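Just below is one structure, and these are the notes that go with it.
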Amino acid sequence: MSGTSARSMLRSPFVIVVGVALTWFIAAFLVWPNANVLIATFFPDGRFSGRAAEKLLSSDRAMKSLGNSFMLAVALSITVNIVGIFIVLVTHYFKIRGSRILFLGYATTFIYGGIVLAAGYKFIYGEKGIVTVLLAGMFPGMDAGWFSGFFAVLVVMTFATTTNHMLFVANALKGVDFQTIEAARNMGASTWTILRRIVLPMLKPTLFAATILSFLTGLGALSAPQVLGGREFQTITPMILTFTNSPTSRDLAALLAVILGVATILMLAVMTRLEKGGTYFSLSKVSSRLEKQAITNPLANVLIHVAAYLLFAVYTLPVVLIVLYSFADSAAIQTGQLSLSSLTLENYVRVLTQPSGLRPFIISIVYSALAAVITVGGLLFVARLIQKHQNWLTSLFEYLLHIPWILPSALLALGLIISYDHPNPLVGGAVLTGTTVILLIAFVTVKIPFTLRMLKATFTTVNSSLEEAAAIMGARTLYIFRRILLPIVLPTAAAIAALNFNSMLDDYDTAIFLAHPLFQPLGLIIKANTDGAEGVDGVSNTFVYTVLLMVITGFTMYLVYGRARRRGGRASQKLPTSPTTADTPVPVTVSSSAR
Amino acid sequence: MIRLDNIEVTFGDFIAIPGLTLEVEQGEFFTLLGPSGCGKTTALRTLAGFIEPSAGDVYVDGKAVTRLPSDKRQVGMVFQNYALFPSMSVWENIAFGLRVRKEKPADSDRMVREIARRVDLSDAQLSKNVAELSGGQQQRVAVARALVLQPKILLLDEPLSNLDAKLRHQLRQQLKDLQSEFGITTVYVTHDQDEALAMSDRVAVFNKGMVEQVGTPQTIYDESATEFVCNFIGDSSALTPEFIGELNRQSRTHLDPDARSYLRVEKASLAPGISESGSGTDARSDFGADLGTDFGAAVPEGAVAVGGTVVSRTYHGLHSRYRVKSHGSELSIIVREDGSRRPESGARVTVHVRPEHVLQYHPKTGSRLENQALATSATSQS
Amino acid sequence: MQKIKALAAGIAAVLALAGCGGAPGTASPSGSSSEASGGPTGETLIVYTNSNGEGRGEWLTEKAAAAGFKIEIVGAGGADATNKLIAEKNNPIADVAFGLNNMYFEQVKAGGAIEPYTPSWAEEVDSELGDKSEDKAYWPLVKQAILLGYNSDKFSADKAPKDWTDLWSKDEFKDRYERVTGLGTATSQLVLASILTRYKDDSGDLGISDEGWSQIEQYFQHGSPAVPKTDLFARIAGGEVDMGQMPSSIIPEREKTFKVNVDVVKPSVGVPFAVEQVALVKGTDKKEEALKFIDWFGGAEFQGEWAQKFNSMPVNNLAVAKAKPEVVEFVNSLKQQDIDWTFVQENIGAWVEKIELEYMT
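Right under this line is the structure:
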């Protein structure tokens, strides 16, 4: 079914249309701009320049930061799995009192991330943080700056990145056939053995996927090392951003970005290999629903409850503090002195009544929603084609569509600028800089790799005979797509769109280069309102914007995920073999976490 | 009605079907039978138009349809998993093709209800979600969905394989009844020989992309054309050259001792004691003599008696299955349970075999050898 | 179906955005008929600036409206505004840009995004502070000193550092001063220029002697790195550090907010001044109106008001009289460091890169 040759594939008019559109898009917005930016940086005068490599190799700081980024990526792949699996088990596998509440606490990372998250942790564990003060009271000799460096960065990013597990792995866990667990118990296996030998191996593909995402997050770490890394632990991304902004150093940025990009692709390749050659899905035709397991050992039960609630506190404290601080005046925030009397609505009034008011919110929502819908909508066709026809041509397209993962968004934006700041035949001779379209193009581009992978995975769960059944009854390709495939993948597609939407709401890196000055998205306004240099209210504004963003993203997540859950309940009486909505993985975004 | 002419199907370097020629008659229930991976599903999908053959042609009603898309071939198909659309109700599933054809809503509804009635689906079930139906009901929806478009040909791809044994038996009958009622030409794919024998007008046995034999169920059973068919269909015991030699000695036939030889289990019968013809001196029965009865089937005419020892007996209620060691062969023998006493393990027994029932195959090619027993007996009698 | 409708609506929305965004000029009547000498036409002018913070943007918009100019302020950091102006050179959206210093405008000029002009107040400013070339493409507005400020509650004037170099050469200041973690901002680049240009050496690496680089190395080695989202004044108030770089104009306001007292160091070589400039964007279709705006904006009357309101030090000689006396006095008490800006301009990119790669830890 999967080995359609390129030639026979090209006989379908649908494929031709999608293919032509895709070829144009890839050529115009993925290959040409990025080739331009790479050529401009590595071949400044038409000749190759090895300057960047020389400079980087001779820089201790660059090498150390690069090393740190990789170290963080590897460490994070491990720690995120440990914490992530634990919270998934606690909320979905074991009988734990109050697991719904725990779930909500662990799910807070869905709605915030980045610098605010890092700052939130610093408020608690930093030198004047609540916990530090508390601990210092108990152990007078302790170092107030204990929470910094590699350890602190790893801890914060670990908690920030478990979003992937909460969405992905939890969903896969629901698909585990309960009978296999009962069978194992019947053969005398302990809770631990069942977990280790039966349950976890079945989650392997999703764990692999989550591991890739954790690795990428670690590699691209930006804000957590900046806030908490201290002198000892700085990563490479801040350096990439600095060099991107300096015309004379852009080659360094490009080279560093390419190094990270290659590592990303290697990681993907390795994981894809590991994933092959295993049966992970349920073999049985009559699988039964997973039931929550009681922990029989009383001591273990108590310990796991304690650990679960401790983690809950770790997860929720920063959010609570951020919400509180959003009502406090800036001096109180900056100095860490928080009292009830200093809480007012003033910050909100200031942010919402400034001349730009709600406009940036609306602009960002329109941009993000459009980009999310266009990306998911467009890639639905592409992902289906790639998943259905596996030949050299589709592989080529698939690889090309991953280009945005190789280069950071700032460089992608630069590529668009240098390619389209003059009339270009690729886009009908138009100048794109200074228009509202160019930012939309960038938003769409940046989200392509993630969306494609997720959609492809979703389509693999769709039984191909559904399509054939419709085809044999005379339905055209588009009709089949609309009536049969779309309803099945829609819940997942909506989830992907929502995650994309959320991650683009506060985008700054691309907007700063590409936004139309009269249609400035939220990210730029936030930046302008929160930079220390721009005024003393900056920090309180940060918190206000964060809370407002939490509200928007929380609402989107509810719309998609909350409703999907309800639907999932009804679909539990499922067809023997057709995948139902409940089985399709709800995917996650890379950038929503603490990048 | 349907003709596959020298079809070749390749997947990359892999040749799934090297060259297939088949004909299916109007109104026939035709089964493609074979183990998994033998190419039977590929053949069906080629016929359906999901796979384009790299060589050869498909004809329906004398017209080449090889390049036609599946919906232009007037075929209906029931998939292994039924491929019911989970996002639609039962009614919507059945009406899907009608809607695609742009039938008037009123006509569609009439046709859906008509076909639903014929496959025994109630009105209440029509409004249900497909996920709420049982396996058997789902199968009927799938059949109704295929038949409502009044195709010339119905293709069934292992539609029973997902069901438990009891339901499978029940639905097998139901499917067969539906087929005879509609009188539609049906091509059925299965790996279950029992299903194939019970349902089909004719069967094509597949092996490694090739058709080993096409024929009525009885032909492929009694006159299996190749060693593969003989082994794949039904149950048989392999016979040693020594055993063949014994048969030749007693009956003066000229079975080839070097050929691969088999005997269907139901073709041998059991008698108590040793009464090997020719050397019958030792014809003392262990217990049959006491009873004075012959407990096997009546000794068949022209049968040869060979001595053996019961190795084991398995009781099945309706019958028992014996394994009897005789002249190096281990014969499986079915004995109907009629309440009389039966020999147990270790008992000495006599086995009756008619040499012309022995199926012989060329040791290299696996193709059937002319049974010398039939020829010899014919000449000796003349 | 629902989805397709939503998509169509969305595309319509972005086309609408594109429509009014792509051609900002068409919405208002063309200004070609009006004379340069006439009053403002009220065409909407798009103004890029990095100097819109702390209410400046809103205040300017109001004041401009009162004078008959309809302006729309687009704020962005200095480097970002520079990049934007250059990126949009073939499809300019801005009509006027102001607030960037000489270094940034020099880049914009090299990128071909602004064009030379002469404002009506050209005679009232010291042209040495603006574009030094023949065809003057940017003109000076206000100047501000980039200073090393310290917590005067902790250090008395005689105990305080006397110059930047004291910070790392004297043990009592080590780890007590905040040092930058990035060199993207104008302020930090000026501090850098202030230190490095003292060690100009044509045979040295990037025109700086080894001694100079060693100073920079020590600056980074002994400073306490700035913390994102934490203001220097907050750190001073919290006792984490006692001193750091700051532009003169923000000091009074921050002192109040964080309840600290800050004094500034006055090195014998002087302090670097940043001079904010104004320029006309090349290719604007509202050139007449833009020039009228610049004439009004840079004129003595408005610059005086601006100085009153935001404690700034105007460059316009006639406006100085209207500025706050204490500001004028303070700025005049500072000696301006003599910096070879051409030399800085040529090398700053390479310097920043070298520092990022070698000295920042």
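Chains as they are written, first to last, in our numbering: chain G, 212 to 806; chain S, 998 to 1379; chain L, -6 to 354. All C-beta atoms, glycine included, are put in the ideal place defined by N, C-alpha and C. The structure displayed is predicted, hence computed values, not measured ones.
Quiz item: With a Cβ-Cβ cutoff of 8 Å, do Asp1161 of chain S and Val1186 of chain S count as a contact?
Solution: Asp1161 of chain S is not a Cβ neighbour of Val1186 of chain S, given a cutoff of 8 Å.
Quiz prompt | Own chain partners of Ala284 of chain G with C-beta closer than 6 Å, once the 5 adjacent residues on each side are dropped | solution = Phe426, Gly429 and Leu430
Quiz item: Between the region 1024 to 1053 of chain S and chain G, which residues of the former have CB atoms less than 7 Å from a CB of the latter, in chain order?
Solution: Ala1045, Phe1047 and Glu1049
Quiz item: From the DSSP output, which residues share a beta bridge with Gln1071 of chain S?
Solution: None, per the DSSP bridge assignment.
Quiz item: Bridge partners of Ala1045 of chain S, per DSSP?
Solution: DSSP, once it has assigned bridges, lists no residue as partnering Ala1045 of chain S.
Practice problem: Using alpha carbons as the reference points, say which of L:Phe290, L:Asp278, L:Ile229 and L:Pro265 lies closest to Met96 of chain L. | Solution: L:Pro265
Quiz item: Any chance the region 1142 to 1151 of chain S sits against the region 1164 to 1174 of chain S, with 3 or more Cβ pairs inside 8 Å?
Solution: no
Quiz item: Is Ile66 of chain L buried or exposed, if buried means 16 or more other CB atoms sit within 10 Å of its CB?
Solution: buried
Self-check item: For Met(-6) of chain L, three-class secondary structure by DSSP
Solution: Bear in mind that the predicted position of Met(-6) of chain L carries a pLDDT of just 45, short of 50, making it unreliable; the figure below should be weighed with that in mind. Note: Met(-6) of chain L maps to coil in three-state DSSP.
Quiz item: For chain G, is any of its Cβ atoms less than 8 Å away from the one on Pro245 of chain L?
Solution: No, Pro245 of chain L lies away from the interface with chain G (no Cβ there is under 8 Å from its Cβ).
Exercise. Kindly confirm or deny that the region 568 to 582 of chain G and the region 592 to 604 of chain G touch, where touching means at least three C-beta pairs closer than 8 Å.
Key: Touching, no.
Quiz item: Do the CB positions of Ser202 of chain L and Tyr192 of chain L come within less than 8 Å of each other?
Solution: In contact: Ser202 of chain L and Tyr192 of chain L (Cβ atoms closer than 8 Å).
Quiz item: With distances taken from CA atoms, which of S:Phe1225, S:Leu1065 and S:Arg1064 is nearest Gly1031 of chain S?
Solution: Checked all of S:Phe1225, S:Leu1065 and S:Arg1064; the closest Cα to Gly1031 of chain S is S:Phe1225.
Practice problem: Taking only beta-carbon positions, decide if Ile451 of chain G is within less than 8 Å of chain L. | Solution: no
Quiz item: The alpha helix (DSSP H) with Phe1008 of chain S in it runs from where to where?
Solution: Following the DSSP letters along the chain, one finds Phe1008 of chain S in no alpha helix (DSSP H) but inside the beta strand (DSSP E) bounded by residues Ile999 to Phe1008.
Exercise. Within the same chain, show all residues whose beta-carbon is closer than 8 Å to that of Val255 of chain L, passing over the 5 residues directly before and after it, in chain order.
Key: Gly142, Tyr143, Asn144, Ser145, Phe226, Ile229, Met239, Ile244, Arg247 and Glu248
Quiz item: Helix, strand or coil: which one does DSSP assign to Gln270 of chain L?
Solution: strand
Practice problem: Could you confirm whether any beta carbon from chain L is found closer than 8 Å to the beta carbon of Ile723 of chain G? | Solution: yes
Quiz prompt | Ranges of the alpha helix (DSSP H) found wholly within the region 1190 to 1252 of chain S, counting only runs of at least 4 | solution = 1190 to 1196, 1214 to 1219, 1224 to 1229 and 1238 to 1248
Self-check item: Short CB-CB distance (under 8 Å) between Ser493 of chain G and chain S
Solution: Because the pLDDT at Ser493 of chain G is just 44, under 50, the model does not fix this residue reliably, and the value given afterwards should be weighed accordingly. False, the Cβ-Cβ gap to chain S never drops below 8 Å.
Practice problem: Could you please give the first and the last residue of the uninterrupted beta strand (DSSP E) stretch that includes Asp1054 of chain S? | Solution: Element bounds for Asp1054 of chain S: Ala1052 to Val1057.
Practice problem: Please say whether Thr180 of chain L and Gly333 of chain L have beta carbons closer to each other than 8 Å? | Solution: The sequence shown places Asp at residue 333 of chain L, not Gly. Contact: no.
Exercise. Compare the beta carbon distance of Gly685 of chain G and Pro244 of chain G with 8 Å and say whether it is the shorter of the two.
Key: With contacts defined by Cβ atoms closer than 8 Å, Gly685 of chain G and Pro244 of chain G do not form a contacting pair.
Quiz item: The alpha helix (DSSP H) spanning Lys415 of chain G covers which residue range?
Solution: Lys415 to Leu430
Quiz item: Which residue or residues does DSSP assign as beta-bridge partners of Pro240 of chain L?
Solution: L:Ile139
Self-check item: Below-8 Å beta-carbon distance, Ala90 of chain L vs any chain G residue
Solution: no
Quiz item: Phe321 of chain G to Thr767 of chain G, Cα distance in whole Å?
Solution: 10 Å
Exercise. Leaving aside the five residues before and after Gly640 of chain G along the sequence, list all residues of the same chain whose C-beta is less than 6 Å from its C-beta, in chain order.
Key: If we look at Gly640 of chain G and ignore the five residues flanking it on each side, its Cβ neighbours are Pro634.
Self-check item: C-alpha distance - Val321 of chain L paired with Ser305 of chain L, whole-angstrom precision
Solution: 8 Å
Self-check item: Partner residues on chain L for Gln437 of chain G, Cβ-Cβ distance less than 7 Å
Solution: Pro221
Practice problem: With a 10 Å radius around its C-beta and 16 neighbouring C-beta atoms as the bar for buried, classify Gly440 of chain G as buried or exposed. | Solution: Per the 10 Å Cβ criterion, buried.
Self-check item: Candidates L:Pro33, L:Asn45 and L:Gly231: closest to Phe303 of chain L by CA position
Solution: L:Asn45
Quiz prompt | Backbone secondary structure at Gly626 of chain G - three-state DSSP | solution = Here DSSP, grouped into helix, strand and coil, assigns Gly626 of chain G to helix.
Self-check item: Amino acids of chain L, ordered along the chain, whose beta-carbon sits closer than 9 Å to that of Asn456 of chain G
Solution: Ala72, Asp73, Asn76 and Gly177
Quiz item: Can you tell which of L:Met353, L:Val89, L:Glu51 and L:Leu140 has its C-alpha closest to the C-alpha of Arg442 of chain G?
Solution: Considering only alpha carbons, the answer is L:Met353.
Quiz item: Can you tell which of S:Gln1135, S:Val1355 and S:Thr1043 has its C-alpha closest to the C-alpha of Met1085 of chain S?
Solution: Nearest Cα to Met1085 of chain S within the set S:Gln1135, S:Val1355 and S:Thr1043: S:Gln1135.
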